[in-house]
Structures are given as structure tokens and as C-alpha cells.
Amino acid sequence: MRAAVVTGFGQPLEIQDRPVPTPGPHQVLVRMEASGLCHTDIHAWRGDWPVKPTPPFIPGHEGVGLIEAVGSEVTRVAEGDRVAIPWLATACGTCEHCVAGWETLCESQENSGYSVDGSYAEYALADSRYVGLVPDGVSPIEAAPLTCAGVTTYKAVKVAGTRPSDLVAVFGIGGLGHLALQYAKIAGASVVAVDLLDSKLALATRLGADHTVNAAEQDPVEVIQDLGGADQAVCLAVSPRAFEQAFASLKRGGTLSMVALPADNDMTLPIFETVLKGITVQGSIVGTRNDLQEVFELHAQGRTKVEYQTRDLATVNEDFEAVERGDVDARLVFDF
Ligand code: NAD
Ligand code: ZN
Ligand code: ZN
Numbered sequence: 001m002r003a004a005v006v007t008g009f010g011q012p013l014e015i016q017d018r019p020v021p022t023p024g025p026h027q028v029l030v031r032m033e034a035s036g037l038c039h040t041d042i043h044a045w046r047g048d049w050p051v052k053p054t055p056p057f058i059p060g061h062e063g064v065g066l067i068e069a070v071g072s073e074v075t076r077v078a079e080g081d082r083v084a085i086p087w088l089a090t091a092c093g094t095c096e097h098c099v100a101g102w103e104t105l106c107e108s109q110e111n112s113g114y115s116v117d118g119s120y121a122e123y124a125l126a127d128s129r130y131v132g133l134v135p136d137g138v139s140p141i142e143a144a145p146l147t148c149a150g151v152t153t154y155k156a157v158k159v160a161g162t163r164p165s166d167l168v169a170v171f172g173i174g175g176l177g178h179l180a181l182q183y184a185k186i187a188g189a190s191v192v193a194v195d196l197l198d199s200k201l202a203l204a205t206r207l208g209a210d211h212t213v214n215a216a217e218q219d220p221v222e223v224i225q226d227l228g229g230a231d232q233a234v235c236l237a238v239s240p241r242a243f244e245q246a247f248a249s250l251k252r253g254g255t256l257s258m259v260a261l262p263a264d265n266d267m268t269l270p271i272f273e274t275v276l277k278g279i280t281v282q283g284s285i286v287g288t289r290n291d292l293q294e295v296f297e298l299h300a301q302g303r304t305k306v307e308y309q310t311r312d313l314a315t316v317n318e319d320f321e322a323v324e325r326g327d328v329d330a331r332l333v334f335d336f
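Residue 275 in our numbering is what sits at position 275 of the sequence shown, and the numbering runs on without skipping anything.
#1: Quick check: Met-32 and Gly-71, are their CB atoms within less than 8 Å of each other?
#2: Is any heavy atom of ligand 3 found at a distance shorter than 7 Å from the C-beta of Ser-108?
#3: Tell me the DSSP secondary structure of Ala-89 in three-state form.
#4: Just to confirm, does Val-238 get its C-beta within under 7 Å of one of the non-hydrogen atoms of ligand 1?
#5: Would you say His-61 touches ligand 2, meaning its beta carbon is less than 7 Å from a heavy atom?
#6: Quick check on the DSSP output: what are the complete alpha helix (DSSP H) runs of length 4 or more inside the region 136–189, in order along the chain?
#7: So His-252 is in the alpha helix (DSSP H); what residue range does that whole segment cover?
#8: If you draw a straight line from the alpha carbon of Glu-273 to that of Pro-140, how long is it in whole angstroms?
#9: Here's the rule I'm using: 16 or more other beta-carbon atoms within 10 Å means buried, otherwise exposed. How should Asn-290 be labelled?
#10: Between Gly-24 and the rest of its own chain, which residues show a CB-CB distance below 6 Å, the 5 nearest in sequence each way excluded?
#11: Pick from Leu-88, Glu-321 and Gly-302: whose alpha carbon is nearest that of Gly-137?
#12: In the DSSP output, which residue or residues are listed as bridge partners for Glu-14?
#13: Comparing C-alpha positions only, which one of His-26, Gly-8, Ala-4 and Gln-11 sits nearest to Asp-17?
#14: How long is the line joining the alpha carbons of Ser-190 and Pro-56, rounded to whole angstroms?
#15: Take the Cβ of Glu-318 as the centre, count every other Cβ of all protein chains shown within 10 Å, and call the residue buried at 16 or more, exposed below.
#16: Determine the extent of the alpha helix (DSSP H) in which Arg-325 is found, giving its start and end residues.
#17: Output the boundary residues of the beta strand (DSSP E) element that contains Asn-214.
#18: Does Val-192 come out as helix, strand or coil in the three-state DSSP assignment?
#19: Put Val-238 into one of helix, strand or coil per three-state DSSP.
#20: I believe Glu-103 touches Phe-336 by the beta-carbon criterion, under 8 Å. Please report the beta-carbon distance rounded to the nearest angstrom.
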């Protein structure tokens, strides 16, 4: 099978011919139809984060395809089912987090395209207990970005507690941001979209953002405070500076939702303002299997729009560069 392989941090990915893997007892073999390119794959390739993957590895955690073979213990899915391979490849199922329905916090989790091979390949293995079930009415190409960008931002808006009278500031209108703003609108809120590129802001307006700020030209804090301050600020921009601006754009009692994972791991959080304004600072990591099913349902009902362009796996290196430059409206999806 054809696979894009990271052979060393920051080295061009290689397109290799790999043997098709055989599923273990709880696993399924998925023949890939589509796989989204998440900025996390770029962080994985560069070795940006404190916990690193071990090359060689196959990136990808927005994989969607059809089950071609099942392991001996598989009961939840069957051959021919369309499934999604998310970031959470597997978890223990028994720890306090798993039992509480927060498998995304499990300390024994594996991650697709990071600690185990992912979906930048014609075939991938997945744990049958953790795959998403793609409903009829959601195309594989659109299901792919929903599998990480969708579920992550849906969850972030959900736990931030967005209500209809709220103003939500979305920092970073990329793969994640273009969906975040739609979930905030579905929750009934008004949205102010912040990015450095006018093309991203035009997309945000098309998708329903009420206000936009180009942070390369205007101070987003000033603009958002003039609007009354944000009830929630969701930071999806790969920059500590954006986190600081997102914090400063909040109104009293507001919530900073931290989602992006820049290589530069430090931001300044002023103690006095956090205390006096009663600010909540919340980290949010992907979403659970239930969240993913809700995301698919919303899309099947026609309530979200996925913006994407398709690519062939062969162009993966150029595609990483294009995403880093911001030369992509929202998501690139490898079409198999
Ligand atoms: P992306 O590259 O598609 O989008 C990032 C956007 O931020 C771009 O539109 C860019 O122009 C904008 N931006 C950059 N600097 C900015 C600034 N200073 N102010 C405003 N906007 C700015 O990336 P993506 O795929 O949407 O991922 C975003 C981040 O989220 C990455 O760090 C990724 O690793 C992380 N992520 C986190 C989770 C999680 O569970 N917490 C899940 C998926 C991705
Ligand atoms: Zn992702
Ligand atoms: Zn667990």
C-alpha cells in the first residue's frame, strides 16, 4: 500500500510502499477513502511538542474509509461499514476518565498518526471500539475534517457553555476555526472571527460570522472590547500572542478556551486580571466518540458546511507548506 511516512523530524515525508497490515482481535482494517490534513500532523512531523512521536511513522487522524477486514473479537462494526479514524486511536476503557465518558483524558490512550500509524495511507488499522460511525448522508470527503477539526471545536464550544446571548471570539479561521464559528452560531451566539489573512475573514463572513478582525491591521482586543467583550474566546491560532489577545478580549466572567498547540509552549496569563474578572481558563482536547456522532448528525442535517480542497497524497510536502503559509481556505483532504 502507498503511505506517506515521516522518516525524521522536519525531513520531507516519503511516499513508501508498505505491506497492508493485519487486524488484531479488536481491530479493523480500513481502506481509506479520504484523510484530512490537520495542523497537528505538521506539529507531529516537526516534533514540535513536549511528548514526541517516534519516526518512522505514518501521520493522519482524520481518516475515513470502508472496513475491509475485522479481527476475531470485533462486534461493533462489520465489513463494508464506513468509519472514521480519530486522534483517539484507543483508550483503556476502565480508568476513572474512561468510565466517566471522558476517554479523551485517558492516561493509557494511543493517538492515530502519532503513537500509532495513522491515515496517510491506502490502508490503516483502527480499534473497532473507538472508530466513528459515518452515517449515510455524510460524504467521506466531508466526514474527514469533521473527525478532528469538527469534533474538537464542537467540544470546545460545548464545554465553554456558549448560550444564545453570548459573543464568541474565534481566533484562527483555519481548519478548526471555520467549523468552530459554525458551532458557536448553532449554539445561538454572535461570533467575531479573528485572523491575520483577509481571505480567512471573507470565509468566516460567508459562514455566518457577525464581525471580523484582521489582527495584522487592527488590535483585536480593542475591537472586541468595543463590542462589549467576549463571553468565550476560543483560541485556534498557532501563536501564544493570539492566546494572550484572546484572554484580553474577554468580558468579566468570560472563558478562555485553549485549543491550538503552538510549538512555543508559553503564554503570559496575568493573575490580577484573571482573579478580578473571574475568568475561567479551560483546555480542550479533541472530543469523545459521542461528540463525534453528534457532529456527524449535525452535518447530516445540513447544519454545518465543510470547506475543503482535495489533494493527492503525493503532494503532501507542498501541502504542509501551503497550510503553514495560510494558502488554504480551510481544510485540505487527501482523496484516495
Ligand atoms: P490551520 O493552520 O488550518 O489554522 C490556523 C489559523 O490561525 C490560520 O487561519 C492562520 O492564519 C491563523 N493564525 C495564525 N496566527 C494567528 C494570529 N496570531 N492571530 C489570529 N489568527 C492566526 O490549523 P488547524 O488545523 O485549524 O489547527 C489549529 C491548531 O489547533 C494547531 O495548533 C493544531 O495542532 C491544534 N489542534 C488542537 C486540537 C485539540 O484537541 N486541542 C485538535 C486539533 C488541532
Ligand atoms: Zn487534528
Ligand atoms: Zn482510560
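Don't be surprised by glycine CBs; every beta carbon is placed ideally from N, CA and C.
These figures come from a predicted structure and were not determined experimentally.
So, to answer that:
#1: Indexing the sequence shown from 1 puts residue 32 at position 32. Indexing the sequence shown from 1 puts residue 71 at position 71. A distance of 8 Å or more separates the beta carbons of Met-32 and Gly-71.
#2: In the sequence shown, the residue the question calls residue 108 occupies position 108. Yes, the beta carbon of Ser-108 sits closer than 7 Å to at least one heavy atom of ligand 3.
#3: One-based indexing of the sequence shown puts residue 89 at position 89. In the structure shown, Ala-89 sits in a strand (DSSP, three-state: E or B).
#4: For the purposes of this step, residue 238 is taken as the residue at position 238 of the sequence shown. Correct: Val-238 has its Cβ closer than 7 Å to ligand 1.
#5: For this step, residue 61 is matched to residue 61 along the sequence shown. His-61: yes, Cβ under 7 Å from ligand 2.
#6: Within the region 136–189, the complete alpha helix (DSSP H) segments of 4 residues or longer fall at 140–145, 151–160 and 175–186, listed in chain order.
#7: Walking along the sequence shown from the start, residue 252 turns up at place 252. Before going on, a small fix: residue 252 reads as Arg here, not His. Secondary structure note for Arg-252: it is in no alpha helix (DSSP H), and the uninterrupted beta strand (DSSP E) holding it is 250–258.
#8: Position 273 of the sequence shown holds residue 273. Position 140 of the sequence shown holds residue 140. Straight-line Cα distance between these residues: approximately 45 Å.
#9: Working through the sequence shown from its first residue, we reach residue 290 at position 290. By the beta-carbon neighbour count (other beta carbons within 10 angstroms, threshold 16), Asn-290 is exposed.
#10: Taking the first residue of the sequence shown as 1, we reach residue 24 at position 24. Answer for Gly-24: Gly-71, listed in chain order.
#11: Translated into positions along the sequence shown, residue 137 becomes position 137. That would be Gly-302, whose Cα lies nearest to the Cα of Gly-137.
#12: Here residue 14 refers to the residue found at position 14 when the sequence shown is read from its first residue. Answer by DSSP bridge pairing, in chain order: Val-5.
#13: Position 17 of the sequence shown holds residue 17. With distances taken between CA atoms, Asp-17 lies nearest to Ala-4 out of His-26, Gly-8, Ala-4 and Gln-11.
#14: Position 190 of the sequence shown, counted from the first residue, corresponds to residue 190. Position 56 of the sequence shown, counted from the first residue, corresponds to residue 56. Answer to the nearest angstrom: the Cα atoms are 44 Å apart.
#15: Position 318 of the sequence shown, counting from 1, holds the residue named residue 318. Around the beta carbon of Glu-318, a 10 Å sphere encloses fewer than 16 other beta carbons of the protein chains shown; the residue is thus reported as exposed.
#16: For the purposes of this step, residue 325 is taken as residue 325 along the sequence shown, with counting starting at 1. Counting along the chain, Arg-325 sits inside the alpha helix (DSSP H) bounded by residues 316–325.
#17: Mapped onto the sequence shown, residue 214 falls at position 214. Under the DSSP assignment, Asn-214 falls in the beta strand (DSSP E) whose first and last residues are 211–214.
#18: Here the question's residue 192 lines up with position 192 in the sequence shown. Of the three classes helix, strand and coil, the one that applies to Val-192 here is strand, per DSSP.
#19: Walking along the sequence shown from the start, residue 238 turns up at place 238. Coil at Val-238, not helix or strand.
#20: Along the sequence shown, one-based indexing puts residue 103 at 103. Along the sequence shown, one-based indexing puts residue 336 at 336. Their Cβ separation, rounded to whole angstroms, is 28 Å, which puts Glu-103 and Phe-336 out of contact at 8 Å.
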